[in-house]
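Okay, structure first, notes after.
Protein chains: 2
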Amino acid sequence: MPVTKMKATIRSVAIDLFYRKGYFATSISDIARGSGIQKASIYYHYVSKEELLFSILESTMDDLTDYVRENLNRVRDVEERLRVAVRSHVRFHLTRQRENFIANSELRGLSEPNYRAIVRMRDAYEGIFQDLIRQGIDDGVFAVVDVKILSYAILTLCTAGASWFKPEGRLSVDEIAAIYENFIVSGLKREDETISTLSRAASGGIFFP
Amino acid sequence: MPVTKMKATIRSVAIDLFYRKGYFATSISDIARGSGIQKASIYYHYVSKEELLFSILESTMDDLTDYVRENLNRVRDVEERLRVAVRSHVRFHLTRQRENFIANSELRGLSEPNYRAIVRMRDAYEGIFQDLIRQGIDDGVFAVVDVKILSYAILTLCTAGASWFKPEGRLSVDEIAAIYENFIVSGLKREDETISTLSRAASGGIFFP
DNA sequence: GTCTATACGATGATAGAC
DNA sequence: GTCTATCATCGTATAGAC
Chain A
271 MPVTKMKATI
281 RSVAIDLFYR
291 KGYFATSISD
301 IARGSGIQKA
311 SIYYHYVSKE
321 ELLFSILEST
331 MDDLTDYVRE
341 NLNRVRDVEE
351 RLRVAVRSHV
361 RFHLTRQREN
371 FIANSELRGL
381 SEPNYRAIVR
391 MRDAYEGIFQ
401 DLIRQGIDDG
411 VFAVVDVKIL
421 SYAILTLCTA
431 GASWFKPEGR
441 LSVDEIAAIY
451 ENFIVSGLKR
461 EDETISTLSR
471 AASGGIFFP
Chain B
271 MPVTKMKATI
281 RSVAIDLFYR
291 KGYFATSISD
301 IARGSGIQKA
311 SIYYHYVSKE
321 ELLFSILEST
331 MDDLTDYVRE
341 NLNRVRDVEE
351 RLRVAVRSHV
361 RFHLTRQREN
371 FIANSELRGL
381 SEPNYRAIVR
391 MRDAYEGIFQ
401 DLIRQGIDDG
411 VFAVVDVKIL
421 SYAILTLCTA
431 GASWFKPEGR
441 LSVDEIAAIY
451 ENFIVSGLKR
461 EDETISTLSR
471 AASGGIFFP
């Protein structure tokens with residue numbers, strides 16, 4: 271569906287401000303000023319500030335999920351599939367940095383029904399990674415690990431890039447993706463020695479520090 | 271220095287509200303209500319809402335740094351030192367969950383000078399982990415990796431626990447710490463095969479997906 | 001579609017009595 | 001130390017003219 275020019279402008283100004291100042295700290299006046307119109311005019315395009323936030327989050331989640339799914343369709347090998355998923359996730363987050371940063375920090379701006387909608391999308395997305403890890407374990411490629419915890423860990427660490435990445439910085443998107451990808455895969459492919467430390471701890475025999 | 275009872279109450283109510291609703295969404299009235307006093311009385315104890323936030327962030331960072339440093343003092347072996355650092359970080363974040371969550375999400379509530387003060391503390395803290403990783407590489411225990419990127423990755427993934435951890439949940443603090451610890455150490459100790467993938471990618475010969 | 005004008009509530013913070 | 005009362009400002013959102 272086609273979007274009017276001004277509606278797109280408002281959206282992009284909002285993304286920029288939500289990213290830089292945060293959703294609550296950004297006022298409708300700020301967005302209007304950035305868009306070159308009066309604040310009342312914003313309401314012709316969006317019914318509320320929250321709807322503006324929600325539309326950003328929703329389409330970001332949609333695009334992310336589509337992008338990763340599409341790339342996964344081209345590969346069969348489990349390890350390579352996880353690598354592709356990680357690489358896709360990182361690429362998406364670093365090239366659409368601001369939207370993704372918002373999607374990961376401004377969920378609190380949503381009312382219950384909208385909040386639930388985004389969380390459902392996020393859960394489905396996480397499921398992709400959980401399935402991949404489980405598959406890898408079943409195939410004996412990855413060590414036996416806690417699938418949920420590790421899927422959160424993996425996604426969080428890749429997502430974090432969106433908060434500090436600078437396009438003109440030392441490393442390119444693909445270099446960062448490769449660093450993450452290798453760290454993650456070798457973290458999952460652990461050897462017996464390490465596993466035994468895990469189960470020792472997990473079964474209660476903890477020593478600390 | 272001793273803190274009056276009401277000052278401590280206000281602080282703890284604020285931590286709870288900042289964690290649940292966010293700094294901007296929490297009003298002085300909310301905090302006053304939770305503390306059982308009138309909102310004007312808050313200003314007898316804290317000069318501003320921001321000072322309240324800052325004092326929470328500052329002491330959290332202080333305590334975290336002290337805690338990790340103290341635990342590190344008891345160990346010499348590099349790999350074991352990294353393990354101790356990770357374990358300490360996770361323990362601290364999961365037992366003082368709300369403060370840490372705030373410390374990682376509400377920096378935007380600070381004015382420039384306060385912001386800079388906290389960032390300086392955070393940089394110093396990250397330095398501990400960067401030194402450990404560098405040491406491990408120098409000693410040949412860890413593979414050659416990008417120290418900065420991986421220190422961010424490691425800290426972020428451990429910190430993330432503070433956003434979903436539930437004390438009454440399936441896993442204990444120590445179990446989660448052990449999972450992270452093993453994942454991280456085996457991620458750092460990668461083998462040659464993986465390293466070559468990295469340098470292939472890092473040197474520009476990227477294939478995608 | 002965009003404007004001006006405005007309703008209306010909430011906010012952080014202060015003054016001064018007790 | 002805590003209270004009541006109040007200020008000044010800013011927020012989202014609406015009404016209605018053009």
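Quick mapping for you: the protein sequence lines, in order, are chains A and B. First residue of the first sequence? That's 271 in the numbering used here, and the numbers climb one at a time after it. First residue of the second sequence? That's 271 in the numbering used here, and the numbers climb one at a time after it. C-beta: ideal position from N, C-alpha, C; glycine also.
So residue i packs on residue j, CB below 8 Å; how close in whole Å?
i                      : j                      : result
residue 421 of chain A : residue 407 of chain A : No, residue 421 of chain A and residue 407 of chain A are not in contact; Cβ-Cβ is about 12 Å, not under 8 Å.
residue 345 of chain A : residue 359 of chain A : In fact, because the Cβ distance is near 14 Å, the residues do not count as touching under 8 Å.
residue 293 of chain B : residue 376 of chain B : 4 Å
residue 481 of chain B : residue 322 of chain B : Here chain B covers residues 271 to 479 and nothing more, so residue 481 of chain B does not appear.
residue 304 of chain B : residue 283 of chain B : 4 Å
residue 558 of chain A : residue 458 of chain A : Not covered by the structure: residue 558 of chain A. The range shown for chain A is 271 to 479.
residue 231 of chain A : residue 370 of chain A : Only positions 271 to 479 of chain A appear in this structure, which leaves residue 231 of chain A out of reach.
residue 435 of chain A : residue 364 of chain A : 5 Å
residue 352 of chain B : residue 455 of chain B : 7 Å
residue 385 of chain B : residue 334 of chain B : Rounded, the Cβ-Cβ distance is 18 Å, inconsistent with contact.
residue 354 of chain A : residue 341 of chain A : 5 Å
residue 380 of chain B : residue 324 of chain B : 6 Å
residue 446 of chain A : residue 419 of chain B : 6 Å
residue 275 of chain B : residue 298 of chain B : Incorrect: roughly 19 Å between the Cβ atoms, too far for contact.
residue 285 of chain B : residue 331 of chain B : Rounded, the Cβ-Cβ distance is 14 Å, inconsistent with contact.
Which stretch, first to last residue, makes up the alpha helix (DSSP H) that contains residue i?
i                      : result
residue 367 of chain A : 367-375
residue 380 of chain A : Neither: residue 380 of chain A is in no alpha helix (DSSP H) and is coded neither H nor E.
residue 418 of chain A : 417-434
residue 304 of chain B : 298-305
What would DSSP say about residue i, mapped onto helix, strand or coil?
i                      : result
residue 346 of chain A : coil
residue 454 of chain A : helix
residue 287 of chain A : helix
residue 275 of chain A : helix
residue 293 of chain B : coil
residue 282 of chain B : helix
residue 311 of chain B : helix
residue 463 of chain B : Here the model assigns residue 463 of chain B a pLDDT of 43, short of 50, so the residue's position is not dependable, and the following value carries that caveat. If DSSP states are grouped into helix, strand and coil, residue 463 of chain B belongs with the helices.
residue 393 of chain A : helix
residue 321 of chain B : helix
residue 402 of chain B : helix
residue 337 of chain B : helix
residue 444 of chain B : helix
residue 316 of chain B : coil
residue 484 of chain A : Because chain A in this structure spans residues 271 to 479, residue 484 of chain A falls outside the shown range and cannot be described.
residue 438 of chain B : coil
residue 331 of chain A : helix
Taking any Cβ of chain A, which residues in the stretch 417-436 of chain B have a Cβ under 7 Å from it, in chain order?
-> Taking 7 Å as the cut-off between beta carbons, the residues of the stretch 417-436 of chain B near chain A are 419, 420, 422, 423, 426, 427, 430 and 434, in sequence order.
Between the stretch 377-393 of chain A and chain B, which residues of the former have CB atoms less than 7 Å from a CB of the latter, in chain order?
-> Those would be 378, in chain order.
The stretch 292-326 of chain A: positions lying closer than 9 Å to chain B by Cβ | Under the 9 Å Cβ criterion, the stretch 292-326 of chain A contributes 292, 293, 294 and 295.
In the stretch 437-449 of chain A, which residues sit with their C-beta less than 8 Å from some C-beta in chain B, listed in chain order?
-> Of all residues in the stretch 437-449 of chain A, the ones placed with a Cβ closer than 8 Å to any Cβ belonging to chain B are 441, 444, 445, 446, 447, 448 and 449, in chain order.
Near-chain A residues of the stretch 397-413 of chain B (beta-carbon distance less than 7 Å), N- to C-terminal order = Result list empty, no residue passes.
Between the stretch 272-293 of chain B and chain A, which residues of the former have a C-beta closer than 8 Å to a C-beta of the latter?
-> Taking a C-beta cut-off of 8 Å against chain A, the contacting residues of the stretch 272-293 of chain B are 291 and 292, listed in chain order.
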